[in-house]
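Below is one structure, written out as structure tokens, with a few remarks after it.
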Amino acid sequence: MTKQMYSFSEGNMTMRDLLGGKGANLAEMTHLGLPVPPGFTITTAACHEYQQTGKLSDALLAELNQALTALSQQTEKRFGGTSHPLLVSVRSGAAISMPGMMDTILNIGLNDETVAALAAFTHNERFALDSYRRLLAMFGNVVYGIDEAAFDQVLTTVKTQNGYHSDLSLTVNDLRSIITAFKQLYLESGRGAFPQDPSDQLLAAINAVFESWHNHRAQVYRRQNNISESLGTAVNVQEMVFGNAGADSGTGVAFTQNPATGEPALFGEYLLNAQGEDVVAGIRTPQPVAVLQEDMPALYEQLVETAAVLETHYHDMQDLEFTIEKGQMFLLQARSGKRTPTAAVKIAVDQVAEGLISKETALLRVKPESVSEMLHPEFDTADLARQTPLTKGLPASPGAATGQVYFSAAAAKQAAENGQKVVLMRQDTSPEDIEGMIVSQAIVTTRGGMTSHAAVVARGMGATGVVGAHDLVVDAPNQCARVNQQEINEGDWVSVDGTSGALMLGQIKTTPAAVKGELSTLLNWAKDIADMGVYTNADTPSDFQRALDFDADGIGLTRTEHMFFKPERLLQMRRLILATDAAGRKDPLSKLLTMQQADFYELYQLAQTKEVTIRLLDPPLHEFLPHDEKEIQLVATQIGVSPDELRDRVAALKELNPMLGHRGDRLAVTFPDIYEMQVQAIMTAVLRHRKQGLEVQPHIMIPLTDSRAEMAWVRALVEGQIQRMQPETGAKVSYTIGTMMEMPRACVTADQVARESDFFSFGTNDLTQLTFGYSRDDVGAFLPEYLRQGILPADPFQTIDTQGVGELMKMAVNKGRQTKPDLPIGVCGEVGGDPASIAFFEEIGVTYVSCSPFRVPVARLAAARAKLNKVRTQTGDHGG
């Protein structure tokens, strides 16, 4: 029989897949001799069985009875006992941390009899009743589905009637009346009375945790963080220790380093006379953990020492949950702490300097997408200095965010779907708010501390976060908030500074972020390790300069058609297209030639010795033509023809399916003078630079090639123009001519196409379009439903379809290199900056990727991680 339950003394940190992260780490801390309350873990395998059968098996129930008996012997308490009652917590714990997304129930084992036994045993009736009311609320919400607000309303009513500002003011009589009211909520729910049998409570709690794997918020979180649905959760059953047992008790959360900035100092918060949910839920604003040094200096020193032991042991920043019961400290959790992207980079680089981890491990610790979040704009310093903050809270997650205020997750989600930038403002957040939090530029709460749910989730998502803004009063039912004399209504613009904690009315100017400090160090390591080059797609000098600021290796794709859409150029392009013969095209071509010479000269000037790949004209001609009557009237006047004549010419050029029609190198065959003009412009810019002392090797790319014969024809056209431009004396200009691999036929016949090509560059947008038969301009009508139904695992225009499009690419790489073993192969489509796609490109031997300027740092880190993971797979080294 397969074992489905492990005591903490039986497991270890390598058993995450079976015991979940929490269970594996509780076991590891037990082995380290740290003060962990005893308990046991029900495995993820049991979760999988439960998901299939819908019930706990007889074998598991038998193991559960044995585990409870062993725990009773170990603690010298009895579950359900009336003298020394054993109370337990039931917590979820997946292999990958999902903070707050699944369910937890504390104080299981309390009932009308055992609460009296606990009061007698501890000589503290108030504490016992407080623990019972907490169990009733958590169990009712998690197991019976009673709205948490119903329990909160009972508490609020009692506190308001008595003028209390804190739960700590509740008396024994208050708690008795609250417990009676809570029991009445059970009866009103239609689910029946609260179960008095502790065994029934425990089984219901275990079932609820297994069920919570599939709750809506957990599914949303997994989708957002690319966590597999198949992992399942373990369940941890652990002896209760009580932070609500009096003034010498408390609960807290501590990070071994600052999770917002990465600064190397113990960081956290705690509450006296409280249980763990009070801190995480943000119901009470806690004290900084440094205050513990004044309140309980010996325990503070113990916490500092424990933090150092765990960080050294795990070689990573740790997030600890601790409880103090009557002056004794216990650890309830240790895990790799959620941190902002800035903190992640700083901690990784610092730990390399300390010799704790290697450069390779540091690169694997930082997610490529998080680098993108670090490069979001920052508030303009001068504009920020002119602002008067409405209020300040705790700076939970740094960043500069501006958006329109919404006061519920549902409203924020709807606004974001309508294209608005959103700031979610709440009294406090709960896991149920996850969909609104995901779409928000910033999250602001009036309650909670730096380790509250809102703060942890904001840091994990890289969103700007400010919590504990006490002067702010949120009136969610009336969709407004007030701070001092200022009212903020739904839809108003606010700016949130997550670095200072300031909240300001209106929009503040921003400036681009730069790569600097530890991020620069990390990206330099990535560049040294990666095999794959990282180029940029750039059509203007400003785009290219931004990419160079991010250390791009050059330009992998210049889309020359984007240079023709400025008004003065568009007019000449229209004259060119609407001309009926070569003579009519001569004058507009001459004017465009002058413009293109300047374009290419500037790009080469910026590039210096870096490569610039220029793609000749690609799009269908209809994109340049007037489309409505107003435009036709204007253009007719501009080019000196009648509107009727222009309409006839536009109609003659119209295509039923232009993306599959007269475009790409087909233009070269029918209008060779267009490509000749572009090549002449390239060579003029190259020769001008040569005279000025800069040697440029032009790289010219032919779009939409589908056969060797077609490539050979266009190559001959291009080379003919190059030869006419070559200097009569001195060294000839060296050049390469390659093809954009975006036609399935070209991939299948790549060995032949390679005979005429000096390089390949995959245009994955068109290759995906033509392989799937999807129009990339029209997929919005059905693609969201395909993703929701699981028909497609991801948008194939954003992440490469490895089974279809990817197989064509793999075939093209292999065939191309059969002909030319050293054939350079790039990717310049949308997926060139996608980390998951880059991992696949590493597998098939792509030489370089090219992406938008702001994706260059992301692609750089992704390329290094792809190389490292490939090496680890080949060598079998999966260590850190």
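Read in order, the letters of the sequence shown correspond to residues 32 to 911 in our numbering. All C-beta atoms in this analysis are idealised placements derived from N, C-alpha and C, irrespective of residue type, glycine included.
Practice task
Specify the secondary structure class of Gly-911 as computed by DSSP and reduced to three states.
Solution key: The count along the sequence shown starts at 1 and reaches residue 911 at position 880. Reliability of the predicted coordinates at Gly-911 is poor, the pLDDT of 46 falling under 50, and the value obtained from them is presented with this limitation in mind. In the structure shown, Gly-911 sits in coil (DSSP, three-state: anything other than H, G, I, E or B).
Exercise for the section: Tell me whether Ala-296 sits in a helix, a strand or coil according to DSSP, three-state version. Expected result: Position 265 of the sequence shown, counted from the start, is the residue given in the question as residue 296. In the structure shown, Ala-296 sits in coil (DSSP, three-state: anything other than H, G, I, E or B).
Exercise for the section: Could you tell me which residues DSSP pairs with Ser-881 in its beta bridges? Expected result: Translated into the one-based positions of the sequence shown, residue 881 becomes position 850. Tyr-566.
Problem - Cβ neighbours of Ala-895 in the same chain (closer than 6 angstroms, five flanking residues each side left out) - result: Walking along the sequence shown from the start, residue 895 turns up at place 864. Leu-394, Ala-557, Ile-560, Ala-561, listed in sequence order.
Practice task
Identify whether Val-844 lies in helix, strand or coil by the three-state DSSP scheme.
Solution key: Along the sequence shown, one-based indexing puts residue 844 at 813. Helix.
Practice task
Mind listing, in chain order, the continuous alpha helix (DSSP H) runs of no fewer than 4 residues lying wholly within the stretch 886-910?
Solution key: 887-906
Practice task
Let me know the secondary structure DSSP gives Ser-439 once reduced to three states.
Solution key: As a working mapping, residue 439 is identified with position 408 in the sequence shown. Note: Ser-439 maps to coil in three-state DSSP.
Exercise for the section: Please look up how many angstroms separate the CB atoms of Ala-265 and Thr-75, rounded, as I've assumed it's under 8 angstroms. Expected result: Counting from 1 along the sequence shown, the entry for residue 265 is found at position 234. Counting from 1 along the sequence shown, the entry for residue 75 is found at position 44. Contact holds; Cβ gap of about 5 angstroms.
Problem - Per-residue burial, Ala-125 [other beta carbons within 10 Å of its own, 16 or more giving buried] - result: The sequence position of residue 125 within the sequence shown is 94, counting from 1. Under this definition Ala-125 is a buried residue.
Problem - Rounded C-alpha distance that separates Ile-733 from Leu-588 - result: As a position in the sequence shown, residue 733 is number 702, starting the count at 1. As a position in the sequence shown, residue 588 is number 557, starting the count at 1. Rounded to the nearest angstrom, the two C-alpha atoms are 11 angstroms apart.
Practice task
Would you mind stating whether Thr-135 and Arg-122 have Cβ atoms separated by less than 7 angstroms?
Solution key: Here residue 135 corresponds to residue number 104 of the sequence shown, with the count starting at 1. Here residue 122 corresponds to residue number 91 of the sequence shown, with the count starting at 1. Yes. Within cutoff.
Problem - For Leu-735, the three-state DSSP class (helix, strand or coil) - result: Along the sequence shown, read from residue 1 onward, the residue named residue 735 stands at position 704. Three-state result, Leu-735: coil.
Practice task
List in chain order: all unbroken beta strand (DSSP E) runs of 3+ residues lying wholly within the stretch 437-521.
Solution key: 453-457, 473-476, 495-498, 503-506, 511-514, 517-520
Handout entry: Inter-residue Cα distance where the pair is Ile-670 and Val-717
Key = Here residue 670 is taken as the residue at index 639 of the sequence shown, counted from 1. Here residue 717 is taken as the residue at index 686 of the sequence shown, counted from 1. Whole-angstrom Cα-Cα distance: 33 angstroms.
Exercise for the section: Please say whether Met-840 and Phe-793 have beta carbons closer to each other than 7 angstroms? Expected result: Mapped onto the sequence shown, residue 793 falls at position 762. Mapped onto the sequence shown, residue 840 falls at position 809. Yes, the pair counts as a contact, with Cβ atoms nearer than the cut-off.
Problem - DSSP three-state assignment for Trp-556, whether helix, strand or coil - result: By 1-based counting over the sequence shown, the position of residue 556 is 525. Of the three classes helix, strand and coil, the one that applies to Trp-556 here is helix, per DSSP.
Practice task
May I have a chain-ordered list of the alpha helix (DSSP H) segments no shorter than 4 residues that lie completely inside the stretch 228-285?
Solution key: 229-243, 247-256
Handout entry: Distance, Gly-811 Cα to Gln-820 Cα
Key = On the sequence shown, residue 820 is found 789 positions in, with the first residue counted as 1. On the sequence shown, residue 811 is found 780 positions in, with the first residue counted as 1. Cα-Cα distance, rounded: 15 angstroms.
Practice task
Count the C-beta pairs between the stretch 537-557 and the stretch 469-478 that are closer than 8 angstroms, then say yes if the count reaches three, no if not.
Solution key: no
Problem - Cβ shell of Pro-824 (< 7 angstroms), same chain only, five flanking positions each side left out - result: Numbered from its first residue, the sequence shown carries residue 824 at position 793. So the list is empty, once near-sequence residues are dropped.
Handout entry: Cβ-based burial, Phe-298 [other Cβ within 10 Å; buried from 16]
Key = Stepping through the sequence shown from its first residue, residue 298 is reached at position 267. With 16 or more Cβ atoms within 10 Å of its Cβ, Phe-298 is classed as buried.
Exercise for the section: Rounded to whole angstroms, what's the CA-CA distance from Lys-34 to Phe-353? Just pull it up for me. Expected result: Position 3 of the sequence shown, counted from the first residue, corresponds to residue 34. Position 322 of the sequence shown, counted from the first residue, corresponds to residue 353. Going by the C-alpha atoms only, they are around 29 angstroms apart.
Handout entry: Beta-carbon proximity check, Gln-227 vs Asn-142, cutoff 7 angstroms
Key = The residue given as residue 227 occupies position 196 in the sequence shown. The residue given as residue 142 occupies position 111 in the sequence shown. It is a contact, given that the beta carbons lie within the stated cut-off.
Exercise for the section: Taking Asn-193 as part of the alpha helix (DSSP H), name the residues at either end of that continuous run. Expected result: To locate residue 193, count along the sequence shown from 1; it is residue 162. Taken as a continuous stretch (DSSP letters only), the alpha helix (DSSP H) holding Asn-193 covers 179-193.
Practice task
Would you kindly report the start and end of the unbroken beta strand (DSSP E) that includes Met-360?
Solution key: Position 329 of the sequence shown, counting from 1, holds the residue named residue 360. Note, Met-360: beta strand (DSSP E), 359-367.
Exercise for the section: Measure the alpha-carbon distance for Leu-186 versus Ile-209 and round it to whole angstroms. Expected result: Taking the first residue of the sequence shown as 1, we reach residue 186 at position 155. Taking the first residue of the sequence shown as 1, we reach residue 209 at position 178. Between Leu-186 and Ile-209, the C-alpha separation is close to 7 angstroms.
Handout entry: 8 angstroms contact criterion, which Ile-869 and Ala-897 should meet: CB distance rounded
Key = By one-based count along the sequence shown, residue 869 stands at place 838. By one-based count along the sequence shown, residue 897 stands at place 866. Their Cβ separation, rounded to whole angstroms, is 5 angstroms, which keeps Ile-869 and Ala-897 in contact under 8 angstroms.
Handout entry: Asn-138 (DSSP reduced to helix, strand or coil)
Key = Mapped onto the sequence shown, residue 138 falls at position 107. Asn-138 falls in the strand class under three-state DSSP.
Handout entry: Where Arg-739 falls, given that 16 or more other Cβ within 10 Å makes a residue buried
Key = Mapped onto the sequence shown, residue 739 falls at position 708. Arg-739 should be labelled buried.
Practice task
Could you round the C-beta distance between Val-749 and Gln-757 to whole angstroms and report it? I think they count as a contact, below 8 angstroms.
Solution key: Translated into positions along the sequence shown, residue 749 becomes position 718. Translated into positions along the sequence shown, residue 757 becomes position 726. 13 angstroms between Cβ atoms; not a contact.
Exercise for the section: From the DSSP output, read off the bridge partner residues of Val-643. Expected result: What you label residue 643 is simply residue 612 of the sequence shown in a count that begins at 1. Its beta-bridge partners are Ile-586.
Problem - Contact check, Asp-618 vs Arg-590, beta carbons under 7 angstroms - result: Numbered from its first residue, the sequence shown carries residue 618 at position 587. Numbered from its first residue, the sequence shown carries residue 590 at position 559. The answer is no: Cβ separation not under 7 angstroms.
Handout entry: Residue interval of the alpha helix (DSSP H) (run including Pro-399)
Key = Within the sequence shown, the letter at position 368 stands for residue 399. Run containing Pro-399: 399-405, per the alpha helix (DSSP H) assignment.
Exercise for the section: May I ask you to list the residues that DSSP assigns as paired with Ser-792? Expected result: For the purposes of this step, residue 792 is identified with residue 761 of the sequence shown, where counting begins at 1. Beta-bridge pairing links Ser-792 to Met-771, Gly-857.
Handout entry: Span separating the alpha-carbon of Asp-464 from that of Tyr-635
Key = As a working mapping, residue 464 is identified with position 433 in the sequence shown. As a working mapping, residue 635 is identified with position 604 in the sequence shown. Rounded to the nearest angstrom, the two C-alpha atoms are 50 angstroms apart.
Problem - Coarse secondary structure for Ile-986, derived from DSSP in three states - result: Within the shown structure, residues of the chain are numbered from 32 to 911, placing residue 986 beyond reach of any answer.
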